[in-house]
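Going by the numbering used here, the sequence shown runs without a break in its numbering and finishes at 1694.
What follows is a single structure, written as structure tokens, with notes after it.
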Amino acid sequence: NTFIIWKGGETGDFELKLQYKIVGGNSGIQYRSFKLPGKNDGWRIGGYQADFEAGNTYSGIVYGEAFRGILCNRGLKTELIRQGGKFQVKTIKRLGDSKQIQSKIKKEDWNDYHISANGFHLIHRINGVVTADCTDKDAKQRRAKGLLALQLHAGPPMTVQFRNIRIKRLGSKKAVSRFSFPELPSLPELPTLPSVSSLGDLPSADETVNRVSEEAGGVTTEAVRTFLGLPLDVHDAVVEKPTKRNLPPTTVGGDAIRTVRSTRARGLRFLATPLRNAIRFADESIQQPKKKSRADRRRP
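Here is the structure:
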């Protein structure tokens, strides 16, 4: 047998989900495993295995690859114990019929495999059905952590495929996959704009829409108007922050905005939430009246 070994380090308590498809032969998913000693090519692994095959008997069992053999047959709940120095597999109860479980497994098609290893309690599921439940109480040989690997079993020609491999280390909120996405930083609070009475002459709606379009990296003016709730034929409007007197806000990009339209308004004042999940814009041309300095106030 040979294996593809994950280089992401050892796994302890975890949940692993993947999809597999097999045509001919036998394979499995190794976990809490170890490299076999002795003369070999360096790709031999021993340890717990979530077994699956093209046949009708072993898919879903807990197998010990070079590690005590079959640990839990399909449809059973077992405990692994050691009495008088001798290893034993103790059946606790039957979970289901092996043939009925097999009927839920698709031949030469994609199946969902779910492996849970929490403490020394191991549970295998295929397509949502519990196939094996095993608790390892053998303090001499049980393993709390180890390597993760995918098996290609020796034997006749076969095709084994895996996809959508995801592992979540228990105790961690993050799932590990082959893709990593950084968390987006929180955006700063928008500045408070001055009241209408202190604005003086405002820029026209067209001027401000064009400016937002440029600031947003070329977002079309039609998109800006749609975002602000402005019909294409309205060229003067007021877009204000929510107040208790206004109607309920419209939520865009996680922020609340409210638009108040008026064809008689002298211009456009607004707070824009992200146009591309990144943009916060406040019209910099709208400034509070400049306060007089002490020197200016002394002048007659």
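No residue lacks a Cβ here, since even glycine has one placed at the ideal position from N, Cα and C.
Measuring straight from C-alpha to C-alpha, what distance separates residue i and residue j?
i	j	result
Glu1459	Ile1509	16 angstroms
Arg1560	Thr1405	13 angstroms
Glu1409	Gly1478	34 angstroms
Leu1546	Gly1449	15 angstroms
Gln1535	Lys1501	35 angstroms
Leu1564	Leu1516	13 angstroms
Ala1511	Asp1407	5 angstroms
Ala1617	Lys1562	40 angstroms
Asp1527	Leu1430	26 angstroms
Val1603	Thr1615	6 angstroms
Arg1476	Gly1463	15 angstroms
Gln1443	Lys1433	22 angstroms
Using a Cβ-Cβ cutoff of less than 8 angstroms, which residues in the same chain neighbour residue i once the five nearest sequence positions on both sides are dropped?
i	result
Ile1520	Phe1446, Ser1453, Gly1454, Ile1495, Lys1498, Ile1499, Asn1505, Asp1506, Tyr1507 and His1508
Lys1484	Thr1472, Glu1473, Leu1474 and Ile1475
Buried or exposed: residue i, going by 16 or more other Cβ atoms within 10 Å of its Cβ?
i	result
Leu1470	buried
Arg1548	What sits at residue 1548 in the sequence shown is Ala, not Arg. Exposed.
Asp1697	Since the first and last residues shown for the chain are 1395 and 1694, residue 1697 lies out of range.
Lys1401	exposed
Thr1525	buried
Gly1422	buried
Ile1416	buried
Gln1424	buried
Asn1467	buried
Gly1403	exposed
Gly1540	buried
Leaving out five residues before and five after residue i in sequence, what residues of the same chain have Cβ atoms less than 6 angstroms from its Cβ?
i	result
Arg1557	Gln1413
Trp1437	Thr1396 and Phe1397
Phe1461	Gly1440 and Gly1441
Leu1542	Trp1400, Thr1405 and Tyr1425
Gln1482	Ile1475
Name the residue from the options whose alpha carbon lies nearest to the alpha carbon of residue i.
i	options	result
Leu1489	Arg1476, Lys1480, Thr1472 and Gly1432	Thr1472
Ser1427	Asn1467, Ile1486, Arg1537 and Gly1522	Arg1537
Gly1513	Ile1486, Gly1440, Asp1532 and Asp1503	Asp1532
Asp1491	Phe1481, Lys1480, Thr1451 and Val1456	Thr1451
Tyr1457	Ile1399, Lys1480 and Asn1420	Asn1420
Thr1553	Asp1503, Glu1601, His1518 and Lys1539	Asp1503
Lys1493	Lys1484, Val1523 and Leu1465	Val1523
Lys1411	His1518, Lys1484, Phe1481 and Gln1482	His1518
Between which residues of its own chain and residue i is the CB-CB distance below 7 angstroms, once the five residues before and five after are set aside?
i	result
Ile1486	Lys1471, Thr1472 and Glu1473
Pro1550	Gly1418 and Gly1419
Leu1544	Phe1397, Ile1398, Ile1423 and Phe1556
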